[in-house]
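Chemist:
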Amino acid sequence: MHPNQPHSPAPRRFPWLYVPTLYFAQGLPYVIVNAVSVVMYKKMDVPNTLIGLTSLLYLPWVLKPLWGPTVDIFWTKRRWIVATQVLLAAQFALVGGVLHLPNFFELTLGLFILAAFTSATHDIAVDGFYMLALDDNQQAFYVGIRSTFYRAAMIAGSGGLVVLAGVLENRLASIPTSWMLAMIIAAAIFALLFLFHSFYLPRPPADTGANRLKSASPDFGASFLAAFKSYFQQPRIAPILAFIVLYRLGEAMLVKMAAPFLLDSKAAGGLALSTQTVGFVYGTVGVVSLVIGGVAGGWLISKFGLRKCIWPLAIALNAPDLAYVYLSFIEPTLPQIYGLVALEQFGYGVGFSAFLVFLMYTAKGPFKTSHYAISTGFMALGMMLPGLASGYLQSALGYQQFFIGVCLLTLPGMAAIFFIPLNER
3 MHPNQPHSPA PRRFPWLYVP TLYFAQGLPY VIVNAVSVVM YKKMDVPNTL
53 IGLTSLLYLP WVLKPLWGPT VDIFWTKRRW IVATQVLLAA QFALVGGVLH
103 LPNFFELTLG LFILAAFTSA THDIAVDGFY MLALDDNQQA FYVGIRSTFY
153 RAAMIAGSGG LVVLAGVLEN RLASIPTSWM LAMIIAAAIF ALLFLFHSFY
203 LPRPPADTGA NRLKSASPDF GASFLAAFKS YFQQPRIAPI LAFIVLYRLG
253 EAMLVKMAAP FLLDSKAAGG LALSTQTVGF VYGTVGVVSL VIGGVAGGWL
303 ISKFGLRKCI WPLAIALNAP DLAYVYLSFI EPTLPQIYGL VALEQFGYGV
353 GFSAFLVFLM YTAKGPFKTS HYAISTGFMA LGMMLPGLAS GYLQSALGYQ
403 QFFIGVCLLT LPGMAAIFFI PLNER
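If you count the sequence shown from 1, you need to add 2 to reach the numbering used here.
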């Protein structure tokens, strides 16, 4: 090209094509690491005590605020996205590759931990890219699209992949091989996402993280510390943190043992469902109910306000846990299982909406983004710590007493509501 010849304009990129794929790519590894892995380990005869330890996989999302600024300063968001997607493809392929080895649990858990850190980093980059690639009006318009495709990834993972593994179990008569193929398919999906995003993602002029490095060093450190300091200087910060950590205490116990309960033999107190059925019950019907509950909860809060809604929504979150108590004492029919799991997930979606709105209320001042990230880190901590103990408690108590204990553990989070600030904004 002649030096004086004008450069050709960059090709136009349509958000309708890359926003859905970015948020599908954000949701899929999260659900594979934290939900699909539980079903896989149960089918591979891993004991519940060890399955509970998979709650450690929440740790990267707990710590995410600590290295989020690194993604902002080093490299561009676009490069972080494509790099983490190719890493996720490799990590899921390796998970499938080691499932036939005697020490598969230790190897796959290590790989899932790596995938969790990679996925958390990918989350930071995708959310940052979304704000750089779209203007304010587009960001508002596509917020529903990104949420929809994130939920679609949950259905594809905890529903589609689990159902696929169940079908392969029946056809191949080999559980390790069926899950190996499921993980390779997950790896192939990320390889395709990597290729598409490498080619199609736009290059926003503001996405120049590497160029900000020299000017950011002293001010960045001061701002980073100021964000944390201002968060912990909020009025009534102790009740706020107690509420964030305790609000889902019962659910954090339940979520790790729900799939093992559905899969376990009747002699062990479980419901003895097939992998394919669990994929449909919990991963499809359950997730659809969760989404509907989330929409309903958001509508109620927008209409009546958080102060009026928080108690009814907290009860809606916790009361359906009694469904698992009921299921553990009877021999339910399949329609009863579908209905009660759907009810529990709908209640969780409704109650979680109030929780998310409260987290937004904790984000104040010039550091709103950092405050929200810190709150979500404590939120993940509130899921991780109880989950670590869930397998040991279930093994010691049995499913019936365990689920009764889960219902009792919902009380501290509701008690914390009396002490938190609920100033409407």
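Don't be surprised by glycine CBs; every beta carbon is placed ideally from N, CA and C.
1. Which value, in whole angstroms, describes the spacing of the CA atoms of residue 359 and residue 325?
2. Taking the beta carbon of residue 382 as the centre, do at least 16 other beta carbons fall within 10 Å, making it buried, or is it exposed?
3. Using three-state DSSP, classify residue 81 as helix, strand or coil.
4. Thinking residue 263 and residue 273 are a contact (beta carbons under 8 Å), I'd like their distance in whole angstroms, please.
5. Please classify residue 14 as buried or exposed, where buried requires at least 16 neighbouring CB atoms within 10 angstroms.
6. So, at 6 Å on beta carbons, what are the nonlocal neighbours of residue 73 in its own chain, with the 5 sequence-adjacent residues on each side left out?
7. Taking the runs of the alpha helix (DSSP H) that are 4 residues or longer, which of them lie wholly in the region 107-180?
8. If you draw a straight line from the alpha carbon of residue 335 to that of residue 207, how long is it in whole angstroms?
9. Could you check where the alpha helix (DSSP H) with residue 338 kicks off and where it finishes?
10. Three-state secondary structure (DSSP) at residue 195?
11. Nearest CA to the CA of residue 320: which residue from 331, 302 and 352?
12. Where does residue 65 fall in DSSP's three states?
13. Considering only the alpha carbon of each residue, which of 165, 43 and 123 lies closest to residue 107?
14. Would you mind stating whether residue 415 and residue 250 have Cβ atoms separated by less than 8 Å?
15. Sort 254, 196, 85 and 420 by Cα distance to residue 411 and report the nearest one.
16. Leaving out the 5 sequence neighbours to the left and right, which residues in its chain are closer than 7 Å to residue 195 when beta-carbon positions are compared?
17. Roughly how many whole angstroms lie between the Cα atoms of residue 137 and residue 143?
18. Specify the secondary structure class of residue 184 as computed by DSSP and reduced to three states.
19. Does the pairing of the region 38-53 with the region 92-107 give three or more beta-carbon distances under 8 Å?
20. Okay, do the region 415-424 and the region 298-317 touch, 3+ Cβ pairs below 8 Å being the bar?
21. Is residue 407 helix, strand or coil when you go by DSSP?
22. Give the DSSP-derived three-state secondary structure of residue 384 in the structure shown.
23. Does DSSP classify residue 444 as helix, strand or coil?
24. For residue 176, tell me which candidate among 101, 299 and 423 has the shortest Cα-Cα distance.
25. Taking the alpha-carbon positions, what's the residue 2 to residue 113 distance?
Modeler: By the coordinates alone:
1. 26 Å
2. buried
3. helix
4. 7 Å
5. exposed
6. 82, 126 and 127
7. 138-156 and 164-174
8. 58 Å
9. 336-363
10. helix
11. 352
12. helix
13. 43
14. yes
15. 254
16. 23, 27 and 87
17. 10 Å
18. helix
19. yes
20. yes
21. helix
22. helix
23. Residue coverage of the chain in this structure runs from 3 to 427, which leaves residue 444 outside it and unanswerable.
24. 101
25. The structure shown does not extend to residue 2, since the chain is modelled only from 3 to 427, so the question has no answer here.
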